[in-house]
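What follows is a set of notes on a single structure, which appears directly below.
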Amino acid sequence: MSTAGFNSQNGTGTGQTYTNGPSQNPVALQPPPGVGYGMNHQPAYNPMQAKVLGPPGPPLYASGPYQPVPPGPQSGSYPVAPAQPLLTRPQIGVLPSHTPPQSASPVPGPRLAQTTPPAQATPPPPAVTSTSYYTGPPAWQYAAPRGPAPNHVNPAVAAPPHMSHGSAQPPGPGAPPTSIHGYPQPAPPPMPLHTYQPNRPAYGPPPTAPPTMKPAAPPAGPPGTTGTPPPPKVDGDVAGNGPQAPNSYNHVDTRMAGAAQPGPPGRHLGHYPSLPPGYQNTSAPPPAPLHPALQAATQPYTQGPQPYQQQPGGPGPGPAQLSPSMAAMSLQSSTPEALRVVNLLQERNLLPSAPVPAPTPCLTQDLQKLNCSPEVFRCTLTSIPQTQSLLNKAKLPLGLLLHPFKDLSQLPVVTSSTIVRCRSCRTYINPFVSFLDQRRWKCNLCYRVNDVPEEFMYNPVSRSYGEPHKRPEVQNATIEFIAPSEYMLRPPQPAVYLFVLDVSHNAVETGYLSVFCQSLLDNINALPGDSRTKVGFITFDSTIHFYNLQEGLSQPQMLIVSDIEDIFLPTPDSLLVNLNECKELVQDLLKSLPNLFEKTMETQSALGSALQAAFKLLSPTGGRMSVFQTQLPNLGVGALQSREDPNQRASAKDVQHLSPATDFYKKLALDCSGQQVAVDLFLLSAQYCDLASLGCISRFSAGSVYYYPSYHHQHNPAQVERFQRDLKRYLTRKIGFEAVMRIRCTKGLSIHTFHGNFFVRSTDLLSLPNVNPDAGFAVQMSIEENLDDMQVVSFQAALLYTSSKGERRIRVHTMCLPVVSSLSDVFAGADVQAVTGLLACMAVDRSVTSSLSDARDAMTNAAIDSLSSYRQSVLTIQQPGLLAPACLRLFPLYILALLKQKAFRTGTSTRLDERVFAMYQLKYQPLAFAMLMIHPALYRVDDLSDEGALNISERTVPQPRVLQLSVEKLSREGAFLMDAGLVMYLWIGRNCHQNFLSQVLGVSSYAAVPEKLCFLPELDTAESQRTRALVSWLRDQRPFFPSLHIIRDESQLKPHFLQNMIEDRTESALSYYEFLLHLQQQISK
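Per our numbering: the sequence shown = residues 1 to 1085.
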């Protein structure tokens, strides 16, 4: 295999930059601002844009003791420094992150025969050498992409390379602003106001210091695109050795099945005629009930119909002259619930006791019934703005959140020799295409008319002929195909599992090795795979140890390589062995490993060399590398030094060292990705391990990161249980090998930024050496061309992978959303949880490429901007207070929760590794689980009853209401369970009822509750059964295992419990009410 060929694929060696991370293009390729090709293009709104502040004032979250200030008037203005001018936001020429290099062809190398002309190659961009976290410039901008991925609708004409960018010289990333821009104040649209005036007094004192934030200006316009659209896209490659020949992902006709979730008729905003195909009607059985905190993000669209007719003309003279309350009464009948006006300063109990459902897109009932489940595919805006300028005006981010390989209870699987796709843009046929007649269908992404293949005329379900519109591919928005042979260039790879284990003195002290070996012994027969499955083991300290497990040996042989500078494989053919043939030797090794290193005094760790050895071992086949590390690697390549100063953990200044100290781990990850190897990292340590550097090995190879701080087999039993449960799930869950994923969207829309763990192989193709059912992804989008003539747009994600049984499969998800032309309709369709999840991903990138304070300011600005836009452009009757549409009423609360989340908080002692891990989780977890980590759920559990309980598998699960996160909701007489995603706390009040203590905890009094209790005893009482059923049910809703801590008032963990009380004030952070006052002050400037 030639190095040049291999390197070119991974962004080294031939001048191409590494194309992963928020910035994929080198600085030299930054295009000039300008008008896009053939459209009226507006620069995208950037909620995370940098800004210039006025004279320094107190920070938003002032540190120091709280000093009460007499409460102000009801509308509560925030005190402002006497001479502080308005904050301004200059245009800043920064690059967007994660923009892949524009290329007509996803990968170099020969292709299989294609029906469309081959893409014209474009020269690779110049290389950029950098040791920074990302390859782009340090500034961060989520506006228009540098090289927008044009919508995947491509005539078969290749664009000349020299036409791909404008000719103007781009401004440098650090260039000073040339002008100061405020936001224009658009004229209010003709939408009457429904006022909402609850009679509730103001609460809480105003803050003591004026905040210093103002939203940032929109960025410069995106570059012009090529004069001629690029040729049709292909869908990816199959892994091979050497320079990868494309796997003809252009032929990947994958259909992903999953019965579409039925949904009630959607409300109609204006007129949304149904698409011609119509032919649809399938419904799945109701899903298993979820707990309230998760249902919000995972349940199918369940809102009932909400009729809403747009006003034909303006509001007219009538309502405009009425008092707000009269106007509200006269217009109440025509205002949808999503646009009900809420005064956040007056309406205190906003958190619903039931979960917040995903908003229902305003589609006809026939279309909505077929739409993709929001558990799998979700958009931040369920009503897509017609133009980029309308999107900019709303000040809300446009993006998709995906959970593409999610475990599904129902998944239609189709075996067919013909997978029907659009001949132009390669979209898979789906429920939202139009059948012109029995023999022709029109693509819903590029509108090309295609022929219906003869084979597609037969319906295998009904065994009838001549009804292509009733095929399962056209009845399910989620479907899976078993791909025919043309989808593979080599036989599908076997399942290969390599375990790389730290056996230094520190590792042996933690006791993790015996837990790992026992867990693998228990689950060895449940590893996904077939008769070809292979396994191997490497251990390391200051040397690398290999294990010969060749069939015929009486016991495993350990081979030690001490030359870590020039690592080699001592016996390449016997280190990875067939599991079925050598199972007894593998089991012998697992039984002896913990004792083998029991007396070791070796303290050094040559992790880098061990990873290089593992990469050499897995390169010929691809597979999964599982790495277990307990300390900072300090020997050989990839050695690191401690960068954390414990005294600075609570500093109000910016947090340093969020980016990697070396690019060794990122480069190795990209090499792994090229050979279809994914690396999963398990970090078990009480000391600083520089997760910011080590985590790159997983982030860029599509792996996962698990972190167990302060892990010890004796001193921390809660972490041991969590590690055991996580390991069991990890070893036995399904897995896809040598995968690629492409996201397509309707003509006029484009994708410009990806979030998650992967490697971007081309503009819209993600390389996923492994894909697992617990991984989430997010993408940001922009509107490249006006969508004037469209009533709906569609999005499609196609995932091509090899199953553990050696089948090549394609899973396809398709979502359809309406297009709207009024700002009020855009707001009405906002999905507040999806918006929060996408902003969290953007803020993580901003923290690394710019600074933590910039990311915090940008999140606050996102709330200010959207509520300001709503007030100025949607409300026609102004009134005092902080007003929000009902659909965004939780937006300020979620933003405040993000500011207090471990990833972004300041003023509180936070370990650097724990902060980085929290950032990884926000980028990697599917939305349902990320939201629990952002805004935990609080329940009162000392008075559980069977009223409203669920009955699951002969088990009664109580359903307590969700409480606000404030100590005000706690009672010394009660017991409260907090579910924060990765951890649960059961707080026992000092005067908790004796009945709960004895019947649930099995203790006689409050004082008898053990200090470090981390499990609920199994007692034969109704109260114990109810409480355990609730905790078990909550745990079962997620793929990772949250540890449980039972705490008293004086417990050491009580501060961790109280830090999750989002709505309360701390020394370094505002209360929810104070935060609302700050937002109101900024909006009213």
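We treat Cβ as the ideally placed atom computed from N, Cα and C, and that holds for glycine. All figures in this text were calculated on a predicted structure; none of them were measured in a lab.
Secondary structure of residue i, DSSP reduced to three states
| i | result |
| --- | --- |
| Gly511 | coil |
| Ala778 | strand |
| Gln878 | coil |
| Asp831 | coil |
| His715 | coil |
| Leu982 | coil |
| Thr836 | helix |
| Asp502 | strand |
| Arg348 | coil |
| Met842 | helix |
| His993 | coil |
| Lys734 | coil |
| Gln656 | coil |
| Asn40 | Because Asn40 carries a pLDDT of 42, less than 50, the predicted location of this residue cannot be relied on, and no value is offered for it. |
| Gln999 | helix |
| Glu1023 | helix |
| His755 | strand |
| Val1131 | The structure shown does not extend to residue 1131, since the chain is modelled only from 1 to 1085, so the question has no answer here. |
| Phe929 | helix |
Close Cβ partners of residue i (< 6 Å) along its chain, the five nearest in sequence each way excluded
| i | result |
| --- | --- |
| Ala843 | Ala855 and Met859 |
| Ala516 | Note that residue 516 corresponds to Phe in the displayed sequence, not to Ala. Excluding positions up to five away in sequence, the list is empty. |
| Leu727 | Ser519 |
| Phe682 | Phe628 and Tyr706 |
| Tyr711 | Thr510, Leu684 and Gln719 |
| Thr836 | Tyr894 |
| Ser1043 | Ala718, Arg722 and Val983 |
| Ala507 | Thr630 |
Nonlocal neighbours in the same chain, by C-beta distance under 7 Å from residue i, ignoring five residues either side
| i | result |
| --- | --- |
| Leu768 | Ala702, Ala739, Val740, Met741 and Phe758 |
| Asp1064 | Ser966, Val967 and Ser1071 |
| Arg1086 | This structure does not reach residue 1086, given that the chain is present from 1 up to 1085, and the question cannot be answered. |
Rounded Cβ spacing between residue i and residue j (contact assumed at less than 8 Å)
| i | j | result |
| --- | --- | --- |
| Gln687 | Ser504 | The Cβ separation is near 12 Å, so there is no contact. |
| Leu521 | Gln587 | 6 Å |
| Leu997 | Ile1046 | With 8 Å as the limit, Leu997 and Ile1046 do not qualify as a contact, their Cβ atoms being about 11 Å apart. |
| Leu896 | Ile1062 | 6 Å |
| Arg624 | Asn770 | 5 Å |
| Leu589 | Leu549 | 7 Å |
Residues of its chain near residue i, where Cβ-Cβ distance is below 8 Å and the 5 sequence neighbours each way are ignored
| i | result |
| --- | --- |
| Asn580 | Ser531 and Thr533 |
| Pro773 | Phe405, Lys406, Asp407, Arg733, Lys734 and Pro1039 |
| Leu731 | Ser519, Leu520, Asn523, Ala526 and Leu527 |
| Thr129 | Per-residue confidence for Thr129 stands at a pLDDT of 37, beneath the threshold of 50, marking its modelled position as unreliable; the derived number appears in the next sentence. Nothing meets the Cβ criterion. |
| Arg990 | Arg972, Tyr1006, Arg1048 and Asp1049 |
Strand pairing of residue i, partner residues [DSSP]
| i | result |
| --- | --- |
| Pro545 | In the sequence under discussion, the amino acid at residue 545 is His, which differs from the Pro named in the question. Thr539 and Ile560, per the DSSP bridge assignment. |
| Gln796 | Arg744 and Thr814 |
| Cys379 | Leu400 |
| Met1106 | Within the shown structure, residues of the chain are numbered from 1 to 1085, placing residue 1106 beyond reach of any answer. |
| Pro620 | Note: Pro620 sits in no beta bridge, so no partner. |
| Tyr708 | Leu684 |
| Val414 | Phe481 |
| Thr1066 | Ala1069 |
Practice prompt. Decide if the region 743-759 is in contact with the region 690-708; the criterion is three or more beta carbon pairs, one per stretch, under 8 Å apart.
Written response: The region 743-759 vs the region 690-708: in contact.
Worksheet item: On the three-pair Cβ rule with 8 Å, is the region 532-541 touching the region 498-507?
Response: Yes: the two stretches touch, three or more of their Cβ pairs being nearer than 8 Å.
Worksheet item: Would you say the region 409-422 touches the region 876-886, given that touching needs at least three Cβ pairs under 8 Å?
Response: no
Worksheet item: Is it true that the region 436-455 meets the region 397-406, where meeting means three or more beta-carbon pairs spaced less than 8 Å apart?
Response: no
Worksheet item: Quick one: any contact between the region 822-831 and the region 795-805, if contact means 3 or more CB pairs under 8 Å?
Response: no
Discussion item. Counting beta carbon pairs with one atom in the region 473-483 and one in the region 805-818, are three or more of them shorter than 8 Å?
Written reply: The region 805-818 vs the region 473-483: in contact.
Discussion item. Below 8 Å, how does it come out for the region 944-954 and the region 972-981: are there three or more Cβ pairs, yes or no?
Written reply: no
Worksheet item: Taking three-plus beta-carbon pairs below 8 Å as touching, is the region 422-436 in contact with the region 469-476?
Response: yes
Discussion item. Count Cβ pairs between the region 381-391 and the region 782-798 that sit closer than 8 Å; are there 3 or more?
Written reply: yes
Discussion item. Quick check: the region 898-915 against the region 991-1006, are at least 3 beta-carbon pairs closer than 8 Å?
Written reply: Judged by Cβ distances under 8 Å, the region 991-1006 makes no contact with the region 898-915, as fewer than three pairs qualify.
Discussion item. Would the region 602-616 count as touching the region 544-554 if we require 3 or more Cβ pairs under 8 Å?
Written reply: With three or more CB-CB distances shorter than 8 Å, the region 602-616 counts as touching the region 544-554.
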